[in-house]
Amino acid sequence: MNKKHPDYSVESLAIRAGQQRTAEGEHSDAIFPTSSFVFDNAAQAAARFSHQEEGNIYSRFTNPTVRTFEQRLAAMEGGERCVAFASGMAAILALGMGLLENGAHVVCSRSLFGTSVLLFQNIMGKFGVETTFVDLTNISAWQQAITPKTRFLFLETPSNPLTHLADIKELASLAHHHDCLLVVDNVYCTPVLQQPLALGADLVVHSATKYIDGQGRCIGGAIVGSEELLNQSIYPFLRTAGPTMSPFNAWVFLTGLETLAVRMQAHCANALQLARWLEEHPAVTHVYYPGLSSHPQYTLGQQQQSGSGGVLSFEVAGGKQAAWKVIDGTQMLSITANLGDVKTTITHPATTTHGRLTDEERKQAGISDGLIRISVGLEQINDIKNDLIPGLDT
Ligand SMILES: *Cc1c(COP(=O)(O)O)cnc(C)c1O
45 MNKKHPDYSV ESLAIRAGQQ RTAEGEHSDA IFPTSSFVFD NAAQAAARFS
95 HQEEGNIYSR FTNPTVRTFE QRLAAMEGGE RCVAFASGMA AILALGMGLL
145 ENGAHVVCSR SLFGTSVLLF QNIMGKFGVE TTFVDLTNIS AWQQAITPKT
195 RFLFLETPSN PLTHLADIKE LASLAHHHDC LLVVDNVYCT PVLQQPLALG
245 ADLVVHSATK YIDGQGRCIG GAIVGSEELL NQSIYPFLRT AGPTMSPFNA
295 WVFLTGLETL AVRMQAHCAN ALQLARWLEE HPAVTHVYYP GLSSHPQYTL
345 GQQQQSGSGG VLSFEVAGGK QAAWKVIDGT QMLSITANLG DVKTTITHPA
395 TTTHGRLTDE ERKQAGISDG LIRISVGLEQ INDIKNDLIP GLDT
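Note that the numbering used here has the sequence shown beginning at 45, numbered continuously upward.
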């Protein structure tokens, strides 16, 4: 699908796609920290502003480093075009501002990143957008929620923290049957493990803050899809409203993309080993990880993803007290709700990411007090296991 590199695999695109060398012949990607660009003469300035000539104008909407990042991520996702944003949330906001209007309706998975729920419910809700939240895995719930005003369906798969999977192909055909779009937040898998556009999704959303950076340094986001959708609905919002990715962050993400494939494989390998070890541990009552054959959607995961990802959750008997004991028993693991880092992070969803929910809502979402989420990093696997032992063994 990528015109410039039709035959390259995602691993090679991550390293090669989008680079535009300057006359200096630099091997690494150049960084352009400039707010504006100069023109040869008045006629060229006029041609650029009236779109008769393509080229840089102003870094709110045209910057070469950001463009390289956009082209590389578009190539990896198999999309025609990508637009980068200042954060993952800015990308999701752009989705709403670009595709919705007063009175429009959206159907979202109930198990979305918490801030995404608030964005749809509280911020877009203020402008007359209505959102229905449904169970990610229940196709008939999605179908029943769609109305003539529904513009798109929005989901994350695997879900956080319980790793439920959506059947992207099935939901794409449902969306298209009702003349709406399917939008997939692909943060957990990245294009290395899952390519939603190839499965029928219309747009892919990213928080580059997570695995794309991979080392917890910068905030950024992106939307990938067809030229038509991006040019008509998404890019005009970026150009006018300005939630722009900085060239420095784009440059950090470019170097992140270069190692994304090997990192994702290593995250998956560590996570699978940890999941299997936890499943055998007597203090652990349940492990949620799509790579375990005990996962109820194991087969779908094997078909839809080329790896099971780096995030897993598990339950310990004894509720919050036992879960906190595991977390506080660690020395090396970082106690933080962030994910997608080379450093392993551990968090207690019931009192952090899902702490705003009522007890009843939490119960409905399956977030028990004994649940612990781990974003498995790239430390040596035995060191990760050993760090969990003091809190698990009594
Ligand atoms: C972090 C995250 C976001 C938001 O991205 P920011 O870069 O933090 O704004 C959206 N979706 C998912 C799944 C995330 O993990």
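The C-beta atom is built at its ideal place from N, Cα and C for all residues, glycine as well.
- Task: Determine the burial state of His221: buried for a count of at least 16 other Cβ atoms within 10 Å of its Cβ, exposed for fewer.
- Result: For the purposes of this step, residue 221 is taken as residue 177 along the sequence shown, with counting starting at 1. Exposed, since its Cβ has fewer than 16 Cβ neighbours within 10 Å.
- Query: What do you reckon, is the C-beta of Met168 under 7 Å from a heavy atom of ligand 3?
  - Reply: Looking at this structure, you won't find ligand 3 anywhere; what it does contain is ligand 1.
- Message: Tell me the rounded alpha-carbon separation between Ser338 and Gly362.
- Response: Along the sequence shown, one-based indexing puts residue 338 at 294. Along the sequence shown, one-based indexing puts residue 362 at 318. Linking Ser338 to Gly362 through their CA atoms gives a straight-line distance of about 23 Å.
- What's the call for Glu145, buried or exposed, on a 16-neighbour Cβ count within 10 Å? Residue 145 sits at position 101 when you count from the first residue of the sequence shown. Note on Glu145: under 16 other CB atoms within 10 angstroms of its CB, so exposed under the neighbour-count rule.
- Message: Let me check you understand the geometry: is the CB of Thr396 closer than 7 Å to at least one non-hydrogen atom of ligand 1?
- Response: Taking the first residue of the sequence shown as 1, we reach residue 396 at position 352. Flag unset: Cβ of Thr396 not near ligand 1.
- Message: By alpha-carbon positions, which one of Ala315, Glu324, Pro326 ends up nearest to Pro334?
- Response: Counting from one through the sequence shown, the residue named residue 334 turns up at place 290. Measuring from the Cα of Pro334, the nearest candidate turns out to be Ala315.
- Item | Residue burial classification, Ser184 (beta-carbon count within 10 angstroms, cutoff 16) | For the purposes of this step, residue 184 is taken as residue 140 along the sequence shown, with counting starting at 1. Under this definition Ser184 is an exposed residue.
- Is DSSP giving Ser217 helix, strand or coil here? Here residue 217 refers to the residue found at position 173 of the sequence shown. Correct three-state label for Ser217: helix.
- Boundaries (first-last residue) of the beta strand (DSSP E) holding Ile183: As a working note, residue 183 is residue 139 in the sequence shown. Annotation: Ile183 is outside any beta strand (DSSP E); the continuous alpha helix (DSSP H) that includes it extends over 183 to 189.
- Can Ile212 be considered in contact with ligand 1, in the sense that its beta carbon sits closer than 7 Å to one or more heavy atoms? The sequence position of residue 212 within the sequence shown is 168, counting from 1. Using a cutoff of 7 Å, the CB of Ile212 does not count as near ligand 1, since none of the ligand's heavy atoms is closer than that.
- Task: Give the range of the beta strand (DSSP E) segment to which Tyr342 is assigned.
- Result: Within the sequence shown, the letter at position 298 stands for residue 342. Tyr342 -> not in any beta strand (DSSP E); alpha helix (DSSP H) instead, spanning 342 to 348.
- Task: Assuming Tyr397 contacts Thr391 (C-beta within less than 8 Å), just tell me the rounded distance between them.
- Result: By one-based count along the sequence shown, residue 397 stands at place 353. By one-based count along the sequence shown, residue 391 stands at place 347. It is Thr, not Tyr, that sits at residue 397 in the sequence shown. About 7 Å separates the two Cβ atoms, so the contact holds.
- Item | For Leu197 and Ala90, the rounded distance between their alpha carbons | In the sequence shown, the residue the question calls residue 90 occupies position 46. In the sequence shown, the residue the question calls residue 197 occupies position 153. Straight-line Cα distance between these residues: approximately 40 Å.
- Item | Where the alpha helix (DSSP H) through Asp403 begins and ends | Mapped onto the sequence shown, residue 403 falls at position 359. Under the DSSP assignment, Asp403 falls in the alpha helix (DSSP H) whose first and last residues are 403 to 409.
- Message: Our contact map puts Thr234 next to Ile256 with C-beta atoms below 8 Å; I'd like the distance itself, whole angstroms only.
- Response: Counted from its first residue, the sequence shown places residue 234 at position 190. Counted from its first residue, the sequence shown places residue 256 at position 212. In this structure Thr234 is in contact with Ile256, their Cβ atoms being roughly 7 Å apart against a cut-off of 8 Å.
- Glu359 to Ser412 span [Cα, whole Å]: Taking the sequence shown and counting its residues from 1, one reaches residue 359 at position 315. Taking the sequence shown and counting its residues from 1, one reaches residue 412 at position 368. In a straight line, the C-alpha of Glu359 is about 8 Å away from that of Ser412.
- Query: Secondary structure at Arg195, three-state DSSP: helix, strand or coil?
  - Reply: The count along the sequence shown starts at 1 and reaches residue 195 at position 151. If DSSP states are grouped into helix, strand and coil, Arg195 belongs with the strands.
- Message: Would you say the beta carbon of Lys254 is closer than 7 Å to some non-hydrogen atom of ligand 1?
- Response: The residue labelled residue 254 in the question sits at position 210 within the sequence shown. Yes, the beta carbon of Lys254 sits closer than 7 Å to at least one heavy atom of ligand 1.
- Item | Neighbourhood of Val296 by C-beta, 7 Å cutoff - its chain only, sequence neighbours within 5 removed | As a first step, residue 296 is located in the sequence shown; it is residue number 252 there, counting from the start. By the criterion of a C-beta distance shorter than 7 Å, Val296 is surrounded in its chain by Asp257, Arg261, Cys262, once the five residues flanking it on both sides are discounted.
- Task: Go through its chain and collect everything with a Cβ distance to Ile322's Cβ below 6 Å, but skip five positions before and after it.
- Result: What you label residue 322 is simply residue 278 of the sequence shown in a count that begins at 1. Sequence inspection shows Leu at residue 322; the Ile mentioned does not correspond to that position. Cβ within range, chain order: Val328, Val331, Phe358.
- Hey, quick one: how far does the alpha helix (DSSP H) through Val28 stretch, first residue to last? Because the chain here runs from 45 to 438, residue 28 falls outside it and cannot be looked at.
- Message: Taking 8 Å as the threshold (C-beta atoms), are Ile101 and Arg111 in contact?
- Response: Looking up residue 111 in the sequence shown gives position 67. Looking up residue 101 in the sequence shown gives position 57. The Cβ atoms of Arg111 and Ile101 lie no closer than 8 Å to each other.
- Where the alpha helix (DSSP H) containing Ile256 begins and where it ends: Translated into the one-based positions of the sequence shown, residue 256 becomes position 212. Per DSSP, Ile256 is not a residue of any alpha helix (DSSP H), being assigned neither H nor E.
- When the Cβ atoms of the region 57 to 69 are set against those of the region 292 to 306, are three or more pairs found closer than 8 Å? At 8 Å Cβ cutoff, the stretches touch.
- 7 Å Cβ shell around Gly147 - same chain, five flanking residues per side excluded: Here the question's residue 147 lines up with position 103 in the sequence shown. Within the same chain, and ignoring the five residues on either side of Gly147 in sequence, the residues whose Cβ sits closer than 7 Å to its Cβ are Gly172, Lys193.
- Task: Using 10 angstroms around the beta-carbon of Ile418, count the other beta-carbons present and answer buried if the total reaches 16, otherwise exposed.
- Result: Locating residue 418 in the sequence shown gives position 374, counting from the first residue. It is buried - the Cβ of Ile418 has at least 16 other Cβ atoms within 10 Å.
- Residue range of the beta strand (DSSP E) that includes Thr329: Locating residue 329 in the sequence shown gives position 285, counting from the first residue. Unbroken beta strand (DSSP E) run through Thr329: 328 to 332.
- Query: Can Leu241 and Gly123 be called in contact, C-beta distance under 8 Å?
  - Reply: Mapped onto the sequence shown, residue 241 falls at position 197. Mapped onto the sequence shown, residue 123 falls at position 79. Yes, these two residues count as a Cβ contact at 8 Å.
- What residues in its chain sit with their C-beta under 7 Å from that of Thr78, if we drop five residues either side in the sequence? Against the sequence shown, residue 78 aligns to sequence position 34. Take Thr78, set aside five residues on each side of it, and the residues of its chain with a beta-carbon closer than 7 Å to its own are Ser103, in chain order.
- Is Ser131 near Thr253, with beta carbons less than 8 Å apart? Sequence index remark: in the sequence shown, residue 131 carries index 87 (1-based). Sequence index remark: in the sequence shown, residue 253 carries index 209 (1-based). A distance below 8 Å separates the beta carbons of Ser131 and Thr253.
- Query: Is Ser153 near ligand 1, with its Cβ less than 7 Å from a heavy atom?
  - Reply: Here residue 153 is taken as the residue at index 109 of the sequence shown, counted from 1. False, no ligand heavy atom lies under 7 Å from that Cβ.
- Query: Comparing alpha-carbon positions, which option in Ala409, Gly264, Thr299 lies nearest Val178?
  - Reply: Translated into the one-based positions of the sequence shown, residue 178 becomes position 134. With distances taken between Cα atoms, Val178 lies closest to Ala409.
- Spell out the partners DSSP gives Thr175 in its beta bridges. Counting from one through the sequence shown, the residue named residue 175 turns up at place 131. Looking at the DSSP output, Thr175 sits in a beta bridge with Val150.
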